[in-house]
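Trainee:
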Amino acid sequence: MVLLAESIDRSVTMRHKPFDGPGVEPARQGTHADVQIHQYAVKTVKMGVVNGAAVLRGTLIQMRELALATIGSFLYHSRVMVKALPQRFNPYLLVREGSEFEVKFSQSQMQRLSGILSASENDVQVTALFSRLKNLIVISGQLATVYSVQCQRCLEPMNVEVNESFELVFVDNEDKASELPKELDPVVLDENGQIHVADLFEDELILHVPEIPKHSDVAACKLRQTEFGELPADIEEGKPNPFEALKNLNLH
Ligand SMILES: [Zn+2]
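In the numbering used here, the protein residues as written are 5 to 256.
1) According to DSSP, what are the bridge partners of glutamate 106?
2) Between isoleucine 210 and phenylalanine 174, how many whole angstroms is the CB-CB distance? I'm expecting something under 8 Å.
3) For arginine 157, is the beta carbon positioned less than 6 Å from some heavy atom of ligand 1?
4) Buried or exposed: asparagine 163, going by 16 or more other Cβ atoms within 10 Å of its Cβ?
5) Taking only the alpha-carbon atoms, compute the straight-line gap between arginine 100 and isoleucine 216 and give it to the nearest angstrom.
6) Just mark serine 220 as buried or exposed, buried being the case when its beta carbon has 16 or more other beta carbons within 10 Å.
7) How would you label isoleucine 199, buried or exposed, when you count the other beta carbons within 10 angstroms and need 16 or more for buried?
8) Quick one: residues in its chain with C-beta nearer than 7 Å to the C-beta of alanine 202, no 5 flanking neighbours on either side, listed in chain order?
9) Compute the Euclidean distance between the alpha carbons of glutamate 195 and valine 166, then round it to the nearest angstrom.
10) Ordered along the chain, which non-local residues of its own chain (more than five positions away) have a Cβ less than 8 Å from that of valine 86?
11) Taking all protein chains shown into account, do 16 or more other C-beta atoms lie within 10 angstroms of the C-beta of leucine 97, making it buried, or fewer, making it exposed?
12) Using alpha carbons as the reference points, say which of Phe205, Lys226 and Leu147 lies closest to arginine 116.
13) For the beta strand (DSSP E) holding serine 169, just list the boundary residues, first then last.
14) For glutamate 168, is the classification buried or exposed, using 16 other Cβ atoms within 10 angstroms of its Cβ as the cut-off for buried?
15) Let me know if glutamate 187 comes out buried or exposed under the rule of 16 or more other beta-carbons within 10 Å of its beta-carbon.
16) Could you give the DSSP three-state label for leucine 147: helix, strand or coil?
17) Secondary structure at leucine 117, three-state DSSP: helix, strand or coil?
18) What are the partner residues of valine 99, as DSSP defines its beta bridges?
19) So which of Ala123, Asp207 and Gln146 has the shortest CA-CA distance to glutamate 160?
20) Please report the residue range of the alpha helix (DSSP H) in which valine 191 lies.
21) Alanine 37 to asparagine 126, Cα distance in whole Å?
22) Which of the three DSSP states is assigned to glutamine 3 in this structure?
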């Protein structure tokens, strides 16, 4: 494990016990600690999770200086081991491993998602980490995929790249889900305490499908319009504007 010192032009190896395996659990709790690294002391260490890695932040202080002068801030970064996540799994068993997991599955495994895409043959790639939040198991990480949709301006097929972070909390049943604070997104496990990756990520993936996809390159999009003739009368204007209804609401 290596300490990356931002203001010191050499890295220092951490060999003190509290950081032998920072894990994600203390990191998630935002633990503070004071440690000593060789001749340096570290003050105000805070652990956190960034992109699935445990990260420590703090201020480095030189021990030999009587005045304990601050010599720089640092960032400590520890990548955890990556393992293959099974398609169906029990999060309570996986949280103990402290590993980062990777899994790949097809969009076609998700019926509701497939229903709103023009094609669903693309894969979804997920990297995830399990951690504990009090007595709950949390899965957090990054999901990446490409959606095949229809441009609502020129009606031609287009791809939308998705690369989003997620954080979901496992619960045993719907009752427990409703008890969770609203800032936590629950996922309900089956009667065996397991879940399939397609069920786990479907809602999250649907959330990232653009409501009105349009080519971001307007010039290319317009070219297609001339190639394929006139647009059907006012596609956009024809859609009801959700804010229109608000106008008539009396909000006092
Ligand atoms: Zn277009």
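Yeah, the Cβ is synthetic: ideal placement off N, Cα and C, and Gly gets one too. These figures come from a predicted structure and were not determined experimentally.
Mentor: According to the structure data:
1) Paired residue(s): Ala88 and Thr131.
2) Distance from isoleucine 210 to phenylalanine 174 at the Cβ level is roughly 19 Å; contact not present, criterion being Cβ atoms closer than 8 Å.
3) Result yes, Cβ under 6 Å from ligand 1.
4) Residue environment for asparagine 163: exposed (fewer than 16 other C-beta atoms within 10 angstroms of its C-beta).
5) Taking the straight line from one Cα to the other gives about 42 Å.
6) Serine 220 should be labelled exposed.
7) Taking a 10 Å sphere around the C-beta of isoleucine 199, we find 16 or more other C-beta atoms and assign the residue as buried.
8) Exclusion of the five residues before and after alanine 202 leaves Phe109, Gln113 and Met114 as the residues of its chain whose Cβ lies within less than 7 Å of its Cβ.
9) Near 32 Å, if we compare the C-alpha coordinates of valine 166 and glutamate 195.
10) So the qualifying residues of the chain are Ser103, Glu104, Phe105, Glu106 and Thr131.
11) It is exposed - the Cβ of leucine 97 has fewer than 16 other Cβ atoms within 10 Å.
12) Measuring from the Cα of arginine 116, the nearest candidate turns out to be Phe205.
13) 161-175 is the span of the beta strand (DSSP E), which, as asked, contains serine 169.
14) The Cβ neighbour count for glutamate 168, taken over all protein chains shown within 10 Å, is under 16; the residue is labelled exposed.
15) When all chains shown are included, glutamate 187 counts as exposed.
16) Here leucine 147 sits in strand by DSSP.
17) Reduced to three states, the DSSP call for leucine 117 is helix.
18) Answer is none; valine 99 lacks a bridge partner.
19) Minimum Cα distance to glutamate 160 is reached at Ala123.
20) Unbroken run through valine 191 is the beta strand (DSSP E), 190-192; no alpha helix (DSSP H).
21) Reliability fails at alanine 37, whose pLDDT of 43 lies under 50, so the model's placement of it is uncertain and the value that follows must be treated cautiously. Rounded to the nearest angstrom, the two C-alpha atoms are 45 Å apart.
22) The structure shown does not extend to residue 3, since the chain is modelled only from 5 through 256, so no value can be given for it.
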